[in-house]
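Peer 1: I am attaching a structure below and will ask some questions about it afterwards.
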Amino acid sequence: MISSFRINMTYLILILMWATFLMQFVIFPVFFRIPPGSLLWRSIFVLSPQQPLNVLTWVTSIFSHGSFVHIGINSIVLFFVGPVVERRLGRVHFVVLFLVSGIIAGLAQVGTTLVLNTGIQPGIVGSSGAIMGILGVLTLHRPNIKVYLFFLIPVPFWILIVGFAAFSTVAGFSSMGPGGVANWAHLVGLGIGITYATVFQKQHAL
1 MISSFRINMT YLILILMWAT FLMQFVIFPV FFRIPPGSLL WRSIFVLSPQ QPLNVLTWVT
61 SIFSHGSFVH IGINSIVLFF VGPVVERRLG RVHFVVLFLV SGIIAGLAQV GTTLVLNTGI
121 QPGIVGSSGA IMGILGVLTL HRPNIKVYLF FLIPVPFWIL IVGFAAFSTV AGFSSMGPGG
181 VANWAHLVGL GIGITYATVF QKQHAL
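Shown next as structure tokens:
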């Protein structure tokens, strides 16, 4: 089991996500008196439109999350999909894809927020953009695998992704979408994943 965790980068990323979540809401608030939402806390964990050049948060924001539900959903998706894509790409390519997708998706969300939203400028946290990059690879690699929508309706994976992309596009132009969802980060992450898979396929016969 220990050797499996050392080899599988998906599990390592999951551990880092939950360790960061623990730092956000337990270690920093309790032991360092840095409450969630404070200026210092945000400068460590949140990619903010007010400080887009804070390079630290380009990375930390990928592993940070806003709630237990947020990190729970991302963890479930990554747990089931990550190992499949990692086996196809290899450890190094998988980690590069995850980080590049997460960073660029986060910056894209910040950029579009600044351009399209004239109201409150929320910060960006979460691995959704990075995970969408992974899903982009899976879309090209296994487009016809069946996914059960609402646990009942079997749908080809590519149809689900196209539908999700269409919804994210509409939501992205509708006051930046419901509930602060990073729709543009999702779309950019997906695009990076599809592009990465296309290039990788040509070079390595994915």
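First residue of the sequence shown: 1, per the UniProt record's numbering; consecutive thereafter.
Even glycine gets a Cβ: it sits at the ideal position worked out from N, Cα and C.
Is it the case that the stretch 28-48 contacts the stretch 67-74, given that we only count it when at least three CB pairs across the two stretches are under 8 Å?
Peer 2: No: the two stretches stay apart, fewer than three of their Cβ pairs being nearer than 8 Å.
Peer 1: Buried or exposed: where does TYR196 fall if 16 or more other Cβ atoms within 10 Å of its Cβ makes it buried?
Peer 2: Stepping through the sequence shown from its first residue, residue 196 is reached at position 196. That one is buried.
Peer 1: Please confirm whether LEU138 and VAL92 have their CB atoms less than 9 Å apart.
Peer 2: Start at 1 with the first residue of the sequence shown, and residue 138 comes out as number 138. Start at 1 with the first residue of the sequence shown, and residue 92 comes out as number 92. Not closer than 9 Å, so no.
Peer 1: Straight-line CA distance for VAL185 to TRP41?
Peer 2: If you number the sequence shown from 1, residue 185 lands on position 185. If you number the sequence shown from 1, residue 41 lands on position 41. First, the residue type needs correcting, since residue 185 is Ala and not Val in the sequence shown. Cα to Cα, ALA185 sits roughly 22 Å from TRP41.
Peer 1: Would you check if the distance between the CB atom of PHE94 and the CB atom of GLY82 is smaller than 9 Å?
Peer 2: In the sequence shown, counting from the first residue as 1, residue 94 sits at position 94. In the sequence shown, counting from the first residue as 1, residue 82 sits at position 82. Contact: yes.
Peer 1: Which of the three DSSP states is assigned to PRO83 in this structure?
Peer 2: Along the sequence shown, read from residue 1 onward, the residue named residue 83 stands at position 83. Correct three-state label for PRO83: helix.
Peer 1: Which same chain residues, not among the five before or five after LEU149, have their C-beta less than 6 Å away from its C-beta?
Peer 2: Counting from 1 along the sequence shown, the entry for residue 149 is found at position 149. VAL155.
Peer 1: Given this structure, state the Cα-to-Cα distance separating THR60 from VAL170, to the nearest angstrom.
Peer 2: For this step, residue 60 is matched to residue 60 along the sequence shown. For this step, residue 170 is matched to residue 170 along the sequence shown. Cα-Cα distance, rounded: 28 Å.
Peer 1: Where does MET176 fall in DSSP's three states?
Peer 2: The residue you call residue 176 lines up with position 176 of the sequence shown. The pLDDT assigned to MET176 is 47, lower than 50, so where the model puts this residue is not dependable, and the model offers no usable value.
Peer 1: Would you kindly work out how many angstroms separate the C-alpha atoms of GLY102 and VAL55, rounded to a whole number?
Peer 2: Locating residue 102 in the sequence shown gives position 102, counting from the first residue. Locating residue 55 in the sequence shown gives position 55, counting from the first residue. Each residue's Cα considered, the two are about 13 Å apart.
Peer 1: How would you write the range of the beta strand (DSSP E) that ILE153 sits in, first residue to last?
Peer 2: In the sequence shown, counting from the first residue as 1, residue 153 sits at position 153. Start and end: 153-156.
Peer 1: Between which two residues does the alpha helix (DSSP H) holding LEU107 run?
Peer 2: On the sequence shown, residue 107 is found 107 positions in, with the first residue counted as 1. Start and end: 91-116.
Peer 1: Starting from the Cα of GLN201, find the closest Cα among GLN24, VAL147, ASN8 and ARG88 and give me that residue.
Peer 2: For the purposes of this step, residue 201 is identified with residue 201 of the sequence shown, where counting begins at 1. The shortest C-alpha separation from GLN201 is found at ARG88.
Peer 1: Looking at ILE124 and GLN109, is the spacing between their C-beta atoms short of 9 Å?
Peer 2: Sequence index remark: in the sequence shown, residue 109 carries index 109 (1-based). Sequence index remark: in the sequence shown, residue 124 carries index 124 (1-based). Yes. Within cutoff.
Peer 1: Under the assumption that GLY189 contacts GLY126 (Cβ atoms under 8 Å), give the Cβ distance between them as a whole number of angstroms.
Peer 2: The residue labelled residue 189 in the question sits at position 189 within the sequence shown. The residue labelled residue 126 in the question sits at position 126 within the sequence shown. Contact doesn't hold; Cβ gap of about 11 Å is too wide.
Peer 1: Among residues of its own chain, excluding the 5 on either side of GLY191, which ones have a beta-carbon nearer than 8 Å to its beta-carbon?
Peer 2: Here residue 191 is taken as the residue at index 191 of the sequence shown, counted from 1. Closer than 8 Å at the Cβ level, and outside the excluded window around GLY191, lie GLY136.
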